Structure formats: C-alpha cells, structure tokens
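*Asks:*
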Amino acid sequence: MKKKKIIIGIDFGTTYCLVSTVINNKTVILKAFNKKKFFPTIIHFKKNHTIIGWKAQKFLHTDVENTITSIKRFIGISYSELKKKKINIPYKISCNKNNELTFHTNAGEITVSDIIQKIFTYIKNKIEKKFQTSICGVIITVPAYFNNIQKKIIRKSAKLSKIKLLRLLNEPTAAAVAYGLEKKRKGFICIYDIGGGTFDISILKISEGIFEVLSTNGDCQLGGDDFDNLLACFLYSKMKKKPFFTQKLFKTLLIIAEKIKIQLSKKSFVTMKFLNSQINCSVLEFNKLIYPYVQKTLSILKQALQDAKIKKKQVKDIILVGGSTYIPLIRKKIHDFFKKKPSQLINPIEVVACGAGLQANFLHYKRNQNIQSILLLDIIPISIGIELLGGIMEKMIVKGSKIPTEVVKIFTTFKDNQTGFCINIFQGENKYVKNCKLLKKFKIKKLPPKKAGEIKIIIIFHIDVDGLLSVIVQEKISKIKHRVKMDTVYHYKNNDKKK
C-alpha cells in the first residue's frame, strides 16, 4: 500500500497501543503490528537491543525484571511516591541524578522517557514501512487528568523519536470527536474512560463540529491494572497449598488474573489451571473486590457534573471508553446512575484512536474544504499556582479555564535592598502546596537594590493548546526578561528523597 502522505493518531494506552489514519474520508485502525489492530505496551530489554509489542509478550513469564509493562503508570511520579504505593513491582527501580525514575535492565539504566521514546519509534518505523512513506503529522492522546510534567514527558519522548507532533489530545476529547462527527450529533455528553491504568471523566457540549469541554476529572492511578492486582492477590490467598511467593510467580498470576477478569465479563464463574492446581473466581467475588474502585469513579463523575453545572438528566449520551468498561459491574453502575444505557454505537477500544486520527487529519488538511471542520474548546484539568508565605497555594490559573490562556501577575519585593526573588510553581487543588505537585522552583537574581515594594516583577503564565505551561518573568528597571524552562522531572520538596 502506497500513499503520498500519512497522518496518524496514536492512542498510547497503558495496556495496548492503537494507531489510526483517515483513508478515503474514513477512519481506519491500522493493522501494522503482526497484522493486528493493536499491540501490547510491553518492552523487553536484551543487552544490545529491545523487543516491543507481541514478540515481547513471551518474556513476561521468563524474564520479568527486563520486561516492562504499563509504563504509562510510571510517567511523572517520583521514587518516593512509588514506594508509598506498596504494590508489587517486579523491576529494579531507582532515581538518577536528574531525579528521573530509572529502570535497571540488561541494557543498563533506562528512564521512563527513554522507554516511551522507544515505543514511539517502534510505531513510527512500523507505519512508515507499511505505507512506504514518512509520517508527516501525529496526534498522541493523553489522559485528561495528566499534569504538566506528565504531558511534557510525552512531548519530549515524541521529539526524541523524531515524530512530527501536531498536538497532544486528551483521550476523552478524542473519543468525543469520533462520536460527534459520525452522525453530527448535538447536546451534552459524558465520556467515561477507564482503561488499563487511568480513569477520566469529561463532560462536553457538542454542536455543529464544535466540541466544548465543560469539565474534566479523573485519577491517573486507577484502572484495569488495579483490578488485576486485586484479583491476583485474591487468587493467591485462596490457594490451599501456597507456592513460595516470588515476583515471577506474581507476574504469572497477574496474567491469569487478567484472563479471568475478561472471561468474567461473559461468565459467572471461571476456573483456570495454575501450576499443579486449579484456581477460580466467581463474578460476585470479583465485584466485591473492585466495588470500592467503581464507587470512586462514580464520586469523580458526580464532581465532574457539578463542575460542568449540569444535571445528569441533561446528559444526552454516555460514551464508554477503554477495555475496563466491558466489566458488567461498571456498566450496571453507569446505567443505574444515569437511568439509561450507555451508547452501543462506539467501540470502546478503538474510539480514542479514531478521534485522534480524525483530528490529526483535520489539522493537516484544514484548508481543504472537503474536510469537516473541528473546533476543540478544551480546558485545564488541574489548577496551577504559586507558593505564598506559610505554604499557601495561590491559584494563578484555576481548573476549568479554557485553553489556550494567559494570566499576568505582578509581585513586589517585600524588604529593602532585596536583590533576589524565589518563586515555586505548583499544580493541584489543595489549599496547601505540600499537598500539590511541585512543577518548578526558580530564582530571579540581580534585582536593583531598592526600597521594599518599589521593584515590580511581572510573571506571565501561559497555557498552550496542549495544556502545557510556560512562564515568562520580567522586571522593567533592570530589563530582566527570563523564560522559565518547565522540566520533565519530579522536583523534590521537603524530605521527598530517595533514602
């Protein structure tokens, strides 16, 4: 198959990745990965090379430490946050001198952004080989509730893989595009997106190709992986003759747990062979395990509706996104909450990739009158602010603000002959910065020595269409103008260091 230009959308999932494009005005999920529509987000490290996708799957049983799965869940979290989770992680992990989470593998120390870059390069090479041409534009989807650091890591990884990134697109917004363009639908819709590792809720208003995000909420550490973990622990606890616990054993249990979970979507009881015994689980047992997590998603949903200032009866349609939405308990709870069935017209697995492909096609060919116009009015999901005296968080850009946006704040020196000024930027909703995510610490130096209050420091906070923050600092007397580089690493605060 040959094509002069190829523009793609990438659904970079915790468990699987999908790629779409538009051919003859129709969105197509590309079968470029072992002739399949998707590939598992798995990477195996040999000493001198890496294996990605389907071929890496077999190493889950034989070489756990060097076969990394669910890398998306490690994006933008610190070493200490990882330790606090108290979950079984079969990898050797530390943080390097730049405070980046680092995996110790056969190939040496590999950072999270390195791994994502390798996955993006794998996608790029596979697609270009299939179409015999270079990719000239890409949209990559991200969870709506990703913070600034997490989005920056995705953008950095795309740049390292030499992908021409058109923009980052929130996953629920991508799903809304795929849904809304299909039949030119109108009204309020709810996107309930729960995949392998993340959960997002977005409330949108759709009208004539305009997609306005009214609110978004979520949890970047809630998804099918958690259900697999719970089920694996439960299965181990049920064994009468428990084998010695090892990371290799638990990884095998996780694989079996995922298979049981999938079968429980259609059966009420599942039995599988494990080692020399049989393990089983009923749908009632599984529902009991995941019930608190499902209830948490409903609490997040209620908050999203409240933030959007609409009632649930005003929601015209509910779009389910992600493999975890096949779980009967989730579907039942959504039906009970809205008193209506979610839409059955959209494939929950493919919808995000389809929306990304449509938006990528539009951005590349938007001057073509035959391309249906798409206007996305997205919002910032998490407030951004600075630290005040006493550790108080003053919000500069509040959650729900339309993007792109810009806010200008003026600060003054607070003592005579002050020549420096420290500013700490945070992201979060809490009143205190200790409970928010530190994005950047920076210091303005060489201010002219003047009386307190005479020096005015202008700080410009800008959020672009990808929801990414840039900061410019100005001081007119000394003509200081400094563009603050927003990093892709976690900044330690207080005692948040590797012990």
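If you're matching positions, the sequence shown starts at 1 in the UniProt record's numbering and goes up one per residue. Where is the CB? At the ideal position from N, CA and C, for every residue including glycine. As the structure is a prediction and not an experimental result, all values here were calculated from the model.
1) Taking contact to mean 3 or more Cβ pairs, one atom from each stretch, closer than 8 angstroms, check whether the segment 322-333 and the segment 144-155 are in contact.
2) Count the other CB atoms within 10 Å of the CB of Gly195; is the residue buried (16 or more) or exposed (fewer)?
3) What separation, rounded to the nearest whole angstrom, lies between the Cα atoms of Thr297 and Gly323?
4) In the DSSP assignment, find the beta strand (DSSP E) that holds Tyr236 and state where it starts and stops.
5) Mind checking whether Lys124 and Ile163 have CB atoms under 8 angstroms apart?
6) Indicate the three-state DSSP secondary structure (helix, strand or coil) for Asp307 in the structure shown.
7) Report the residue from Leu253, Ile51, Lys35, Lys126 whose alpha carbon sits nearest the alpha carbon of Asn88.
8) Given this structure, state the Cα-to-Cα distance separating Leu388 from Leu447, to the nearest angstrom.
9) Write down the C-beta distance between Leu107 and Lys156 rounded to the nearest angstrom, noting that I regard them as a contact closer than 8 angstroms.
10) Using the rule of at least 16 other Cβ atoms within 10 Å of the residue's Cβ for burial, across every protein chain shown, is Ala452 buried or exposed?
11) What are the complete alpha helix (DSSP H) segments, minimum 4 residues, inside the segment 73-128?
12) I'd like to confirm the pairing. Which residues does DSSP put opposite Gly420 in its beta bridges?
13) Counting along the chain, where does the beta strand (DSSP E) carrying Tyr16 start and finish?
14) Assuming Ile203 and Ala360 are in contact, meaning their beta carbons sit under 8 angstroms apart, how far apart are those beta carbons, in whole angstroms?
15) Is the CB-CB distance between Asn96 and Glu109 below 8 angstroms?
16) Contact between the segment 380-387 and the segment 428-447 is defined here as three or more beta-carbon pairs at a separation below 8 angstroms; is this criterion met?
17) Among the residues of its own chain, which have a CB less than 7 angstroms from the CB of Lys485, if the five just before and after it don't count?
18) Tell me the DSSP bridge mates of His482?
19) Pick helix, strand or coil for His462, following the three-state DSSP scheme.
20) Taking the Cβ atom as the reference point for each residue, do Tyr179 and Val351 lie within a distance shorter than 8 angstroms?
21) How many angstroms separate the CA atom of Lys159 from the CA atom of Leu165?
22) Give a yes or no on whether 8 angstroms exceeds the smallest Cβ distance from Ile392 to chain C.
*Replies:* The relevant details are as follows:
1) Too few Cβ pairs lie closer than 8 angstroms, so no.
2) Sequence index remark: in the sequence shown, residue 195 carries index 195 (1-based). With a 10 Å radius around the Cβ and a threshold of 16 neighbouring Cβ atoms, Gly195 comes out buried.
3) Residue numbering aside, residue 297 sits at position 297 when the sequence shown is read from its first letter. Residue numbering aside, residue 323 sits at position 323 when the sequence shown is read from its first letter. Distance between the alpha carbons of Thr297 and Gly323: 15 angstroms.
4) Stepping through the sequence shown from its first residue, residue 236 is reached at position 236. Premise fails: Tyr236 lies in the alpha helix (DSSP H), 224-238, not in any beta strand (DSSP E).
5) As a first step, residue 124 must be located in the sequence shown, where it is residue number 124. As a first step, residue 163 must be located in the sequence shown, where it is residue number 163. The beta carbons of Lys124 and Ile163 sit closer together than 8 angstroms.
6) By one-based count along the sequence shown, residue 307 stands at place 307. Asp307 falls in the helix class under three-state DSSP.
7) Taking the first residue of the sequence shown as 1, we reach residue 88 at position 88. Nearest option by C-alpha distance: Leu253.
8) One-based indexing of the sequence shown puts residue 388 at position 388. One-based indexing of the sequence shown puts residue 447 at position 447. Whole-angstrom Cα-Cα distance: 20 angstroms.
9) Against the sequence shown, residue 107 aligns to sequence position 107. Against the sequence shown, residue 156 aligns to sequence position 156. The sequence given here places Ala at residue 107; Leu does not occur at that position. Between Ala107 and Lys156 the beta-carbon gap is near 20 angstroms, outside 8 angstroms, which marks them as no contact.
10) Counting from one through the sequence shown, the residue named residue 452 turns up at place 452. Around the beta carbon of Ala452, a 10 Å sphere encloses fewer than 16 other beta carbons of the protein chains shown; the residue is thus reported as exposed.
11) If we require 4 residues or more, the alpha helix (DSSP H) runs fully inside the segment 73-128 come out as 79-84.
12) As a working note, residue 420 is residue 420 in the sequence shown. For Gly420, which the question treats as bridged, DSSP gives no partner whatsoever.
13) Translated into the one-based positions of the sequence shown, residue 16 becomes position 16. 16-23 is the extent of the beta strand (DSSP E) around Tyr16.
14) Position 203 of the sequence shown, counting from 1, holds the residue named residue 203. Position 360 of the sequence shown, counting from 1, holds the residue named residue 360. Going by Cβ atoms, the distance from Ile203 to Ala360 rounds to 24 angstroms, so no, they are not a contact pair.
15) Locating residue 96 in the sequence shown gives position 96, counting from the first residue. Locating residue 109 in the sequence shown gives position 109, counting from the first residue. In this structure, the beta-carbon distance from Asn96 to Glu109 falls below 8 angstroms.
16) Judged by Cβ distances under 8 angstroms, the segment 380-387 makes contact with the segment 428-447, as three or more pairs qualify.
17) Within the sequence shown, numbered from 1, the residue matching residue 485 stands at position 485. Exclusion of the five residues before and after Lys485 leaves no residue of its chain whose Cβ lies closer than 7 angstroms to its Cβ.
18) Start at 1 with the first residue of the sequence shown, and residue 482 comes out as number 482. Answer is Val473.
19) Residue mapping note: residue 462 aligns to position 462 of the sequence shown, counting from 1. Note: His462 maps to strand in three-state DSSP.
20) Taking the sequence shown and counting its residues from 1, the one referred to as residue 179 is at position 179. Taking the sequence shown and counting its residues from 1, the one referred to as residue 351 is at position 351. Contact: yes.
21) The residue given as residue 159 occupies position 159 in the sequence shown. The residue given as residue 165 occupies position 165 in the sequence shown. So the alpha carbons of these two residues sit roughly 8 angstroms apart.
22) The chain labelled as chain C is not found in the depicted structure, where only one protein chain is given.
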